[in-house]
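Undergrad: Taken in order, these protein sequences are the chains called G and H. Plus 1149 on top of the position in the first sequence (first one is 1) and you've got the working numbering. Plus 1020 on top of the position in the second sequence (first one is 1) and you've got the working numbering.
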Amino acid sequence: MKKLDALNFYELLEVAFDASPFEIHHAYKEMFQLYHEDSLASYSFFSRGEREEILAKLNEAYSTLMDEKKRSQYDQILIEQGVLEEEMQYQRDRKKLSLLPHSKRPSADTALRIRDRLKIMVSSNAMIQEILAHDVLSGSDLKKIRDELGVSLEEIAETVKVRMAYLRAIEEDQFEKAPSRIFLKGFVRAYAQYIGLDADIVASRYLKRINN
Amino acid sequence: MPHIWPIGGGKGGTGKSFFTGNIGILLARQGFKTLLIDADLGGPNLHTIVGLPNPAISLSDFLNKKVATLQETVLEMPIHNLFLISGAKNKLDIANLAHEQKTKTLRAISRLAYDYILLDLGSGTSFNTIDFFTLSNSGIFICIPEPTSIENIYRLVRSVYVRKIRQVLKIDRFRSLAEKAEAQHEDAVINHPEYLLDMLKEMDPEEGSAVEKILKAFQFKLVLNQVRRQDNPKIGALICKIVEKHLGMKIQFLGNVSFDDRVHEAVCRRESFVDKYSYSQATLDLRLVLKGITGMTDEQAIAL
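The structure is reproduced here in structure tokens:
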């Protein structure tokens, strides 16, 4: 086990090097729950001084990683130390849409604009068109399309209000995880619609496999 | 080899005997030959929980050599497959067990032929309790979501940690290690046993990593008992996280057991809770916990 002082900010918050600000925000909240002054779970475990030290370090990690400029400076230091490789770094463009913290989620209006943009991408992408030509669609087909469009699951979860676990289950074809068939259909529809596909067609082709 | 589950919790009143008795009944009903041992030497009452007010023979008869083997102190319970070694007739000064009596008892326990042996331990962190607790690597902590209990859990975990280092090093070398560690950190032995290990690793890397290995072999479990609706259900998982992160010991959270007023009623009537209230939330919780410890399949757990 590494001692707390030896941890870098990513290790301290238990997030990946390419974590989005959204993920960092949540990781921080979880950690704060563990260490804050009135936390029942860590009651009596730390002395006052120790607790203050940990919290100060958590806050520093949070404020550094949430600030784009500070984060890239910090990443540079880690790259020089050989801890972080450049390609593992957080790429703003790839995860652009989930970059916003919880309180600034895209409004319905921007979600619409996103869908329009994605629709254009769908219609002009040969690989996606080829997948959509199939009679039956599997979870991994959907994932391929989503990856091609560069949309994260989190982002879908955030906007259409379906839990990550269900979205993941859809992509992994674990039908039994959905509360019921009706729900599953609804989730697939919401997923498809968000990434600019025809919800009815996708849902019926996806659900075809369960009938058999 | 039997599975031995020592059940401790530091603080009194967290439900150790309740948990031991009722989990024992569930195991026996599942067809496992299960032995409950009341190892709360100074304050035995497991026999009352399982509804046997006046046991004829108890652990002290083995310690006083009235009987030759520990097996002779085993009482058969009305429930098929369930057995008990009671502590009811222990002498009042028995809590301070002599070293050789303790070693003899510990050795005898691990030789008994049962599927599961559950040890109901006393509160506090006396050497007796700790040594019974470390008899196997699968000790179960029973905690309730209150600061007093959580405080004692941490104390117990740290005591086990220190006790293990002490057992490996023997007393003289342990003392010199403790002195050195305390010269650097005032409260190393009480609050930071991990510093002892760090220091040992610096002084003697080979022995240090051997001790670390022993400490890592523990696979503690934690059960949060008496969880009321307004309590944060995540507390147990958070406690485990603290222990793993800061002490480097493995501890698995088994789940919450709901608070139920009728436990009081069942104890007062000296009836077993899981039988009388088979479909209460608390009983369902106990079944889930048991499923978690034994790695039973869903079907087996439903059949409980």
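C-beta atoms are modelled at their ideal positions from N, C-alpha and C, and glycine is treated no differently.
Would Asp1215 (chain H) pass as an interface residue toward chain G - the criterion being a Cβ-Cβ separation below 8 Å?
TA: Going by the sequence as given, residue 1215 (chain H) is Tyr instead of Asp. Tyr1215 (chain H) does not count as touching chain G.
Undergrad: Run through chain G and tell me which residues come within less than 7 Å of Lys1261 (chain H), C-beta to C-beta.
TA: Leu1183
Undergrad: Which residues does DSSP pair with Ile1027 (chain H) in a beta bridge?
TA: Paired residue(s): H:Asp1140, H:Ile1160.
Undergrad: Can you round the beta-carbon distance between Lys1219 (chain G) and Gly1345 (chain G) to whole angstroms, since I take them to be within the 8 Å contact cut?
TA: Going by Cβ atoms, the distance from Lys1219 (chain G) to Gly1345 (chain G) rounds to 35 Å, so no, they are not a contact pair.
Undergrad: Would you list, in chain order, the members of the segment 1165-1192 of chain G that have their beta-carbon closer than 8 Å to a beta-carbon of chain H?
TA: Gln1182, Leu1183, Ser1188, Leu1189, Ala1190, Ser1191, Tyr1192
Undergrad: Using DSSP with H/G/I as helix, E/B as strand and the rest coil, what is Gln1246 (chain H)?
TA: In the three-state DSSP reduction, Gln1246 (chain H) falls in the strand class (E or B).
Undergrad: If I measure Cβ to Cβ from Leu1207 (chain G) and keep anything under 6 Å in the same chain, skipping five residues before and after, which residues do I get?
TA: Met1180
Undergrad: Which residue or residues does DSSP assign as beta-bridge partners of Glu1179 (chain G)?
TA: DSSP lists no partner for Glu1179 (chain G).
Undergrad: Would Tyr1174 (chain H) count as contacting chain G if we go by Cβ distances under 8 Å?
TA: yes
Undergrad: Measure the beta-carbon distance from Lys1109 (chain H) to Pro1075 (chain H) and round it to whole angstroms, keeping in mind my assumption that it falls under 8 Å.
TA: About 7 Å; that satisfies the 8 Å criterion.
Undergrad: Along the chain, where does the alpha helix (DSSP H) containing Thr1034 (chain H) start, and where does it finish?
TA: Counting along the chain, Thr1034 (chain H) falls outside any alpha helix (DSSP H), and DSSP gives it neither H nor E.
Undergrad: Interface residues of chain G around Ile1170 (chain H) at Cβ under 9 Å?
TA: Within 9 Å Cβ-Cβ: Leu1189, Ala1190, Ser1191, Tyr1192, Ser1193, Phe1194.
Undergrad: Closest Cβ-Cβ distance between Leu1258 (chain H) and chain G: below 8 Å?
TA: yes
Undergrad: Name the residue from G:Glu1321, G:Glu1303, G:Ala1190, G:Glu1186 whose alpha carbon lies nearest to the alpha carbon of Pro1170 (chain G).
TA: G:Glu1303
Undergrad: For Val1045 (chain H) and Ile1099 (chain H), which I take to be in contact (beta-carbon distance under 8 Å), what is that distance rounded to the nearest angstrom?
TA: Note that residue 1045 (chain H) corresponds to Ile in the displayed sequence, not to Val. Rounded, the Cβ-Cβ distance is 6 Å, consistent with contact.
Undergrad: Strictly under 8 Å for the Cβ-Cβ distance: is Lys1244 (chain G) near chain H by that measure?
TA: Any reading at Lys1244 (chain G) is ruled out, since the residue's pLDDT is 49, under 50, leaving its predicted position unreliable.
Undergrad: Does the beta carbon of Ile1255 (chain H) come closer than 8 Å to any beta carbon on chain G?
TA: yes
Undergrad: Whose C-beta lies closer than 6 Å to the C-beta of Val1164 (chain G) among residues of the same chain, with five residues either side of it excluded?
TA: Take Val1164 (chain G), set aside five residues on each side of it, and the residues of its chain with a beta-carbon closer than 6 Å to its own are Glu1172, Ile1173, Ala1176, in chain order.
Undergrad: Return helix, strand or coil for Ser1252 (chain G), following the three-state DSSP convention.
TA: With a pLDDT of 48 at Ser1252 (chain G), under the threshold of 50, the predicted position of this residue should be treated as unreliable, though the coordinate-derived value follows. Note: Ser1252 (chain G) maps to helix in three-state DSSP.
Undergrad: At the level of alpha carbons, what is the spacing between Lys1244 (chain G) and Glu1226 (chain H)?
TA: Summary for Lys1244 (chain G): the model assigns pLDDT 49, below 50, so the residue's position carries little reliability; its value from the coordinates is reported in the next sentence. Each residue's Cα considered, the two are about 47 Å apart.
Undergrad: So for Ala1168 (chain G), helix, strand or coil by DSSP?
TA: coil
Undergrad: Please list, in chain order, the chain G residues whose beta carbon lies closer than 7 Å to that of Pro1165 (chain H).
TA: Residues of chain G with a Cβ closer than 7 Å to the Cβ of Pro1165 (chain H) are, in chain order, Leu1189.
Undergrad: With a threshold of 6 Å on Cβ separation, who are the neighbours of Tyr1134 (chain H) within its own chain once the five nearest residues in sequence on each side are excluded?
TA: If we look at Tyr1134 (chain H) and ignore the five residues flanking it on each side, its Cβ neighbours are Pro1022, Lys1053, Leu1055.
Undergrad: Of the choices H:Lys1233, H:Ser1298, H:Asp1058, H:Ile1024, whose alpha-carbon is the least far from that of Ile1114 (chain H)?
TA: Nearest C-alpha to Ile1114 (chain H): H:Asp1058.
Undergrad: The alpha helix (DSSP H) that contains Asn1211 (chain H), what's its start and end?
TA: 1208-1211
Undergrad: Would Ala1230 (chain H) and Leu1216 (chain H) qualify as a contact pair, given that the criterion is a beta-carbon distance under 8 Å?
TA: No, they are not a contact pair.
Undergrad: Of the residues G:Gly1299, G:Arg1200, G:Ile1263, which one's Cα is nearest the Cα of Leu1153 (chain G)?
TA: G:Arg1200
Undergrad: DSSP has Ala1059 (chain H) in a bridge; who is on the other side?
TA: Partner(s): H:Leu1141.
Undergrad: Rounded to whole angstroms, what is the Cα-Cα separation between Tyr1239 (chain G) and Val1287 (chain H)?
TA: 58 Å
Undergrad: Can you tell me whether Glu1209 (chain G) is buried or exposed? The criterion is at least 16 other CB atoms within 10 Å of its CB, across all chains shown.
TA: Of the residues assessed, Glu1209 (chain G) falls on the exposed side of the cut-off, its CB having fewer than 16 other CB atoms within 10 angstroms.
Undergrad: To which residues of the same chain is Glu1234 (chain G) closer than 8 Å at the C-beta, ignoring the five residues directly before and after it?
TA: Ile1228
Undergrad: Pull up the CB-CB distance for Val1283 (chain H) and Phe1273 (chain H), whole angstroms please, since I reckon it's below 8 Å.
TA: Actually they are not in contact, since the Cβ atoms of Val1283 (chain H) and Phe1273 (chain H) sit about 21 Å apart, beyond 8 Å.
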